[in-house]
Each structure stands twice: as structure tokens, then as C-alpha cells.
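Peer 1: Once you've had a glance at the structure underneath, I'll fire off some questions.
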DNA sequence: TTGCTAAACGGAGGATACCTCCGTATAACT
DNA sequence: AGTTATACGGAGGTATCCTCCGTTTAGCAA
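Residue numbers (this note's numbering), protein chains in the order written: chain Z, 1 to 196; chain E, 1001 to 1196.
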């Protein structure tokens, strides 16, 4: 009687985890191609699960957007962690920003999905905001401590600028434009420019 | 027989124009509150027209987004026109950017709708891009000609930065953040900073 | 292994929203 | 006032959403 079902939780079932993973993969693919309004039944079909399974794991469309997005954010956080070993703080910041641009470049319809879920779910905004802000914050603090950039700009500010720059990413040449903007922005951040 | 119906077009009916206007007003309101996925039947109800009327004027959801958005863009272009009389070119640019932030601040769910339509309809992107680019371009050229800012940044670049900065506009304090970013950006644009 | 049970699966089906179609109403013109 | 092109509105067919529940299966204990 030492293992009453209420007390000791069972190990989660393997098929549940597997199916959850399958649905996430399928969702990423389907939304990237078909945009935010793609059919959820199509996602279930692509994942090879029943529609009921999809809804059990992700009760709303937004939940699904959310789960897909969370993964992406975590990958960006890892990248920031790696860049801490870059010698020049300003260059580390610049390179993270540039890498993020590349990262975003592979998505497409996901941006609209992101816009929807950000609008509806402020908890997710907080989550991703937290992750990304911490990533940027670490890079930023190093650069400020080294006296290389001004200290009145927060990580939130940088994040906002970055996301914004990637926003209109469906026009030709957008990558060049964004990379140029990032340089302007980083220049604007620098101290010791001998201002008049 | 001098007025065959094929040759001489009738004046468009007054009720048609009126209803179109009503639907646009209703759509702006409904999408702002309910987001991009709001029911079109709700829009028709709010406008006081039949669902058929809505669809005749705007065959797809995207067409409706588009029409609403076009108006907004035109208003911004008018603002730029007025600002041409501002004495300091850099200040004119800065003020247009700031005013645009205020302008965006009144919308809400419209941003997600915008993301969708921009993603799907590149013609609209071109239209708004053209309008806004011309607006910014005029302000920018004045400032460059006056030797006040660097000349290797295009109006496209500025537009991209601006839209981006307004992107995450659902977080508290976003306006302060954006206004701060704009100052950084304009600082980054300035020439004659005595670079090391 | 075998049996037991909680957990997960899947898809039928009611509800909702989309969108077309066409009979009715009405503004513009003579 | 009569004529006609134009617009209106909503019924209804279709697609998608999402819930509910009978069936299946993975984990656990003996």
C-alpha cells in the first residue's frame, strides 16, 4: 500500500511524449508553409495522430503556437551562452544580433502566428521576454562594464529593436537592410565617440 | 441609343459607398478588440449590413485587412507632408517617427492582422512600403542635404527600424522604450560625431 | 508473464464560421 | 413614373473547430 496512485505519480507514458513531439514537429512545418491559419486537422494528419490527441496536448491553437515558439527561444538563449566566450564584448553582442537574424530567416508563416499568440497571451510574452532579455542582458552588461557602450539602454530596448528589424522579413534584401540597421544601432550605442 | 450601358458607366450607388464605409469602420473596431481572428459575421453585424454585403465588398478576410490598413498608411503620409515645414530636418524626422509611435499606440489586435496580410499579399507591402518610404525619404533627404546625418542609410532602413520598434507594443512601458530607441537610432545616424 | 488500472488514443458528431448564390429591393437614369 | 443595372441580405452547403467517450495500451505489481 506504499504506492497509492494518488501519491506516487506514474512515469509519463512513452507514446504521449512521442506524440507530443510529433505534433510539435508537424506544427512547425505546417505553420511555416501554410501560415498561422493552417488547419489543425492538417497538423494532426501530418503528425500521424488523431485530432483528439492534438487537442489533448494543445487545447487551443494558441497553445500550439506557444509550444513551438518556446523551443525556438530556448535555442537562442543557448547561443547567447556560447557567445560569452567571445573576447570583445561589443562584437559578441553584434554577433548574437546577427545570428538571430539568420535564425529568423528560416521561418516564414511563423511570424504571423507569433504575432497572434503574443497579442493574446502575455504570459508567453513574459517567458520569451525573460529568456531573451537575460541573454541580451549578459552580453550587454559585459560591454557596458568594459566601458564600450552607453549604459542607459536596457536589454528590453535592444530586444525590441531587434525583433522590429526582423519584422518585415518577406521583402527582397531584408537581410542586408537589417544587418545595416544593426550596425547603425550598435554605433548609436557606443560611448566615447567624442560627441560635440 | 447614345447611352449604351456598356459604354457609359452609371454613377456608383450611394448605398454601396455608404455600406463599404460602415464595414471598414466596424472592421477597424472589431479587429482592434478581437484580434485578427475575429468573426467576419460579427463585423457585418456591427456594421449593420448582411454578410453577403460584406463579402461583395471584400471577398476575402485579407482584402478587408488590406483596406483598413491602406487608410492608416495614407494618414501617416499626410503627417509627413505637414512636417516638411519644420525648420530643423533632423527634428522633423525625429518628430515624424515619434508621432508614428503614438499613432500605432491606439491600435491593438490590428498588428496581428497586419502581420498576416503582409505575409500573404506582397502588393500591399509594396503599396504601403512606397507611401511610407516616400514620406520618410523626403524627411531623410532634407536632413542629409543639410549635412546633419549620414547618407548611407535608406528610407527603407528607417522604416524597417520603426516598424520593428513598435512591434512588441503590448508590454507595459513600450512607448518609453521605443522613444528611447528612436533617440539611439537617430544618434547613430548623425554624422560629425568626431568618431575616433 | 500475467493481470490490473490509469493514462492516452482516435474519431464521431454537434456547433460555429465561412462563403456562395439568387430572389428581392432600390438608386440612377430617361 | 417606368426601366434597368446595381446592390442588398440571408438561407444553406461546406469546412473546420473542438468535445466527449468508448477503445486501446503502457506502466506497474505480483
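Heads up, the beta-carbon is just placed ideally off N, CA and C, and yes, glycines get one too.
Measure from the alpha carbon of residue 1072 of chain E to the alpha carbon of each residue in E/1087, E/1083, E/1185, E/1111, then state which is nearest.
Peer 2: Of the candidates E/1087, E/1083, E/1185, E/1111, the one whose C-alpha sits nearest the C-alpha of residue 1072 of chain E is E/1111.
Peer 1: Does the beta-carbon of residue 1051 of chain E have 16 or more other beta-carbons within 10 angstroms, so that it is buried, or is it exposed?
Peer 2: Result: exposed.
Peer 1: Using a Cβ cut-off of 9 Å, which residues of the segment 1016-1044 of chain E contact any Cβ in chain Z, in chain order?
Peer 2: Against chain Z - using a Cβ distance shorter than 9 Å - the residues of the segment 1016-1044 of chain E are 1035, 1036, 1037.
Peer 1: Return helix, strand or coil for residue 153 of chain Z, following the three-state DSSP convention.
Peer 2: Of the three classes helix, strand and coil, the one that applies to residue 153 of chain Z here is coil, per DSSP.
Peer 1: Measure how close the beta-carbons of residue 158 of chain Z and residue 140 of chain Z come, nearest whole angstrom, since I'm counting them as under 8 Å.
Peer 2: About 7 Å separates the two Cβ atoms, so the contact holds.
Peer 1: In chain E, what lies closer than 8 Å to residue 98 of chain Z by C-beta?
Peer 2: Simply none; closest approach about 15 Å.
Peer 1: Taking Cβ positions, are residue 44 of chain Z and residue 54 of chain Z nearer each other than 9 Å?
Peer 2: Yes; because the gap between Cβ atoms is below 9 Å, this pair is in contact.
Peer 1: Could you check whether the Cβ of residue 1161 of chain E sits closer than 9 Å to any Cβ belonging to chain Z?
Peer 2: With 9 Å as the cut-off, residue 1161 of chain E counts as an interface residue toward chain Z.
Peer 1: With a threshold of 16 other CB atoms inside 10 Å of the CB of residue 1060 of chain E, please say whether the residue is buried or exposed.
Peer 2: Per the 10 Å Cβ criterion, exposed.
Peer 1: Could you tell me the alpha carbon to alpha carbon distance between residue 1126 of chain E and residue 1065 of chain E, rounded to whole angstroms?
Peer 2: Going by the C-alpha atoms only, they are around 15 Å apart.
Peer 1: Go through its chain and collect everything with a Cβ distance to residue 162 of chain Z's Cβ below 7 Å, but skip five positions before and after it.
Peer 2: These residues qualify, in order along the chain: 97, 100.
Peer 1: Could you check where the alpha helix (DSSP H) with residue 32 of chain Z kicks off and where it finishes?
Peer 2: Segment 14-34, the alpha helix (DSSP H) holding residue 32 of chain Z.
Peer 1: Exposed or buried, what is residue 146 of chain Z when buried is set at 16 or more other beta-carbons lying within 10 Å of its beta-carbon?
Peer 2: Flag for residue 146 of chain Z reads exposed.
Peer 1: Kindly list the residues whose CB is nearer than 7 Å to the CB of residue 1 of chain Z, restricted to its own chain and excluding five residues on each side of it in sequence; keep chain order.
Peer 2: Confidence at residue 1 of chain Z is low in this model, with a pLDDT of 35, below 50, so its placement is unreliable and no value can be given for it.
Peer 1: Let me make sure I understand the geometry here. Which of Z/138, Z/75, Z/24 has the alpha-carbon closest to that of residue 90 of chain Z?
Peer 2: Comparing Cα positions, the closest option is Z/138.
Peer 1: Name, going along the chain, the residues of the segment 125-158 of chain Z whose beta-carbon falls closer than 9 Å to a beta-carbon of chain E.
Peer 2: Residues 125, 126, 129, 150, 152, 153, 154, 156, 157, 158.
Peer 1: Compute the Euclidean distance between the alpha carbons of residue 1094 of chain E and residue 1186 of chain E, then round it to the nearest angstrom.
Peer 2: Going from the Cα of residue 1094 of chain E to the Cα of residue 1186 of chain E covers about 7 Å.
Peer 1: Since residue 1180 of chain E meets chain Z, which of its residues come closer than 9 Å, beta carbon to beta carbon?
Peer 2: Within chain Z, the residues near residue 1180 of chain E are 152, 153, 154, 157.
Peer 1: For residue 132 of chain Z, which residues from the same chain have a beta carbon less than 6 Å from its beta carbon, with the 5 sequence-adjacent residues on both sides left out?
Peer 2: So the list reads 159, once near-sequence residues are dropped.
Peer 1: Between the C-alpha atoms of residue 1048 of chain E and residue 1025 of chain E, what's the straight-line distance to the nearest angstrom?
Peer 2: Distance between the alpha carbons of residue 1048 of chain E and residue 1025 of chain E is about 11 Å.
Peer 1: Taking the Cβ atom as the reference point for each residue, do residue 1077 of chain E and residue 1134 of chain E lie within a distance shorter than 9 Å?
Peer 2: Yes, the Cβ-Cβ distance between residue 1077 of chain E and residue 1134 of chain E is below 9 Å.
Peer 1: Since residue 1079 of chain E and residue 1092 of chain E are thought to touch, with beta carbons under 8 Å apart, how far apart are those beta carbons, to the nearest angstrom?
Peer 2: Rounded, the Cβ-Cβ distance is 11 Å, inconsistent with contact.
Peer 1: If you measure from the beta carbon of residue 65 of chain Z to each beta carbon in chain E, is any gap under 9 Å?
Peer 2: Residue 65 of chain Z does not count as touching chain E.
Peer 1: Examine chain E for any beta-carbon lying closer than 9 Å to the beta-carbon of residue 58 of chain Z, and answer yes or no.
Peer 2: It does not: the Cβ of residue 58 of chain Z has no partner Cβ on chain E nearer than 9 Å.
Peer 1: Is it right to say residue 152 of chain Z is buried, meaning 16 or more other beta carbons lie within 10 angstroms of its own, or is it exposed?
Peer 2: Residue 152 of chain Z should be labelled exposed.
Peer 1: Quick check: residue 70 of chain Z and residue 114 of chain Z, are their CB atoms within less than 9 Å of each other?
Peer 2: It is not a contact, given that the beta carbons lie outside the stated cut-off.
Peer 1: Flag residue 1114 of chain E as yes if its beta-carbon sits less than 9 Å from any beta-carbon of chain Z, otherwise no.
Peer 2: Answer yes: the Cβ-Cβ gap between residue 1114 of chain E and chain Z drops below 9 Å somewhere.
Peer 1: Whose CA, out of E/1037, E/1176, E/1121, lies closest to the CA of residue 1102 of chain E?
Peer 2: Comparing Cα-Cα distances from residue 1102 of chain E to each of E/1037, E/1176, E/1121, the minimum goes to E/1176.
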